[in-house]
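Down below is the structure, laid out as structure tokens.
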Amino acid sequence: MKLDVVLGLQWGDEGKGKIVDVLAGNYPVVARFQGGPNAGHSLHFEGKSFVLRSVPSGIFRKDAQNIVGNGVVLDPITFRGECENIAKTGVPVTERIVISKKAHLILPTHRLLDAANEAAMGKGKIGSTLKGIGPTYTDKISRNGLRVGDILAADFPERYARLKDRHTKQLGQMGFECNPDAEEAAFFEAVEYLKQFKLVDCEYYINDILKTQSVLAEGAQGSMLDIDYGSYPFVTSSTTSCAGACVGLGVSPHNIGHVYGIFKAYCTRVGSGPFPTELFDETGEKLRKIGNEFGAVTGRPRRCGWLDLVALKYAVMISGVTDLIMMKSDCLDSFETIKVCTSYIVDGQPSDQWPFDTYADIQPVYQEFKGWNTDLTGCRNESELPAEFRDYIAFMENYLGVPIKIISLGPDRDATIMR
Ligand code: IMO
Ligand code: MG
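Numbered per my numbering, the sequence shown finishes at 1344, counting up by one with no gaps.
This is the structure in structure tokens:
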């Protein structure tokens, strides 16, 4: 059987939570493979709303098993809070979630280091969510990290103390004033809480499942925040493209089936870094308002702009996207004219490629479409969609060379058209 992958193709916040929740009805297993509590995946169903951070978005499906893969960085404190909140609704979280022993642990001092690093960068800061993501992956790569499986070792407290010491020295050298002990008690309590979950060798566990069942892999962040292919250094610290699913779960590329690429009908970005189609005028303001573009994790207003097909095509290429999923086109219902960027002028030269130079001057070249001026939110069938909207979709499919298989017209599970 196959590992189908859901990925964000822009700068995050494309609506991955909703789509995984919708698709999870067809998959017995959902797995997160990278990122951590920097993610905020929003789910709306039966009049309820949830924002998931580290818990896979299959959690509310009665028969779905959820895996936190080895590529994830897990903050026991946040995870505990999240799980306890979900458990209040009657969901048996400890039965529905298994965690890879090889996932790395976010310590409270990783979060402090995140804050110290950002403070040191001043104006050039990344705009991190400050959840400790970068410092935890740094320790993983430099071979200093602690993993979930380590909590079972008798000398875990000593190993923790050694890593904390290292961090305290770093924080001291950076002159960052903080109390490294502040959350230590909460951390150890949360580590005890973690022990209720089945801690597994994810690679064996998932390959065993794949012998008889399909698995849905849930990406966090987006392709343009990928550590290699995003707008470095304004990126997150993990592989957000399709390859990350193989590395972050222990699954061979041969096992990848569908690659679902999610994008919004416009673009948003939180934090710093290039955003060629960003709008600074009332159109951008209108998108932010209609789309309610405020961070699910940090509450920060998101930067908004027109759809960027150059960046999107790049993301489709990197991950070999087989099926596109378009979100929030209903937010464009009241626009007279809709623009999409089809090429750039980079430092004065025409280009249809995402540039290497993060600091280049990138001017978007737009194609304009007549707006459909129709309320799409009630549409549940392809035949109900206005002609202008269908033309717009056909143009994108032609440009990107991949079919748009799902159109989402509202946050609820039901507001979804399968094509
Ligand atoms: P979901 O899964 C949007 C952004 C941050 C910052 C940069 C680095 O909800 O789509 P980090 O905390 O990783 O050090 O931040 O990446 N970022 C996100 N933006 N959605 C996310 O996740 C994000 N996770 C990180 O704003 O610019
Ligand atoms: Mg988010």
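Glycine included, each C-beta is placed from N, C-alpha and C at the ideal position. None of the values given here were measured: they were computed from a predicted structure.
Use the C-beta contact count for residue i: other C-beta atoms within 10 angstroms, 16 or more gives buried, fewer gives exposed.
i     : result
H1179 : exposed
R1213 : buried
N995  : buried
K1013 : exposed
Q1292 : exposed
N1217 : exposed
N1306 : exposed
I1181 : buried
A1086 : exposed
Going by C-alpha distance, which of the options is nearest residue i?
i     : options                    : result
A1170 : I1342, G1245, A1110        : G1245
L1119 : R1072, E1102, Q1098, D1090 : R1072
E1322 : S1067, P1289, T1267        : T1267
E1108 : L1204, P1060, I1187, D1000 : D1000
A949  : R1194, Q1138, R1087        : Q1138
D1337 : S1308, G1303, F1314, P1328 : G1303
V1128 : F1004, A1028, V931, N1298  : Per the sequence shown, residue 1128 should be read as Glu rather than Val. Comparing Cα positions, the closest option is A1028.
G1220 : I1263, T1193, A1236        : T1193
R1344 : W1279, I1250, V1271, C1167 : I1250
R1021 : K1013, D988, L1038         : D988
T1093 : G1074, M1046, P1033, D1080 : P1033
T1003 : A1115, N951, L1077, I1076  : A1115
K927  : I1131, M1046, P1060        : I1131
P1226 : K1238, P1201, K1211, V1172 : K1211
K1189 : S1025, G1097, W1231, V998  : W1231
P1060 : E1007, G1216, R1036        : R1036
P1289 : P1201, A1110, V997, A1086  : P1201
A1285 : G1296, T1341, Q1278, D1272 : D1272
V1125 : F1112, R1087, G1175, K1089 : G1175
V1172 : K1050, V997, F970, K1136   : V997
I984  : V945, G1097, A1111         : V945
Between which residues of its own chain and residue i is the CB-CB distance below 6 Å, once the five residues before and five after are set aside?
i     : result
G960  : A1145, Q1146, S1163
S1276 : Y1269
V954  : Q990, I1134, V1140
H966  : K941, G942, L977, S982
D1064 : G1070
V930  : A1142, C1167, A1170, V1184
F1294 : I1263, Y1317
D1248 : H1183, Y1185, K1330
C1008 : V1018
What does a CB cutoff of less than 8 Å around residue i pick up in its chain, not counting 5 residues either side in sequence?
i     : result
T1283 : S1156, Y1157, P1158, F1159, G1198, P1199
V1241 : L934, G1186, L1249, L1325, G1326, V1327
I1243 : S1148, D1151, Y1154, S1166, C1167
R1084 : L1071, D1075, A1078
M1252 : E939, G940, K943, I944, I1187, F1188, K1189, A1190, S1333
Below 7 Å CB to CB, which residues in the same chain sit around residue i once its five sequence neighbours on both sides are set aside?
i     : result
T1019 : Q1121, F1122
A1044 : F1101
V947  : R1338, T1341
Do you know how far the Cα of residue j is from the Cα of residue i?
i     : j     : result
P1105 : I1058 : 17 Å
Y1191 : L1325 : 15 Å
E1207 : N1298 : 18 Å
E1203 : N1042 : 26 Å
V1235 : V1023 : 38 Å
V1195 : D1075 : 34 Å
F958  : L968  : 19 Å
L1257 : S979  : 31 Å
S1025 : L1334 : 35 Å
L1030 : W1279 : 34 Å
D1300 : E1309 : 11 Å
Y1062 : E1313 : 46 Å
K1048 : K1089 : 28 Å
Beta strand (DSSP E) runs contained entirely in the segment 1002 to 1079, provided each spans 3 or more residues:
1022 to 1025
Return the chain-ordered ranges of every alpha helix (DSSP H) run that is complete within the segment 1213 to 1283 and spans a minimum of 4 residues.
1234 to 1244
Continuous beta strand (DSSP E) assignments of at least 3 residues falling wholly in the segment 1277 to 1316:
1287 to 1295
For the segment 1101 to 1145, which segments carrying the alpha helix (DSSP H) assignment without a break, of at least 4 residues, lie completely within its bounds, in sequence order?
1109 to 1119, 1127 to 1135
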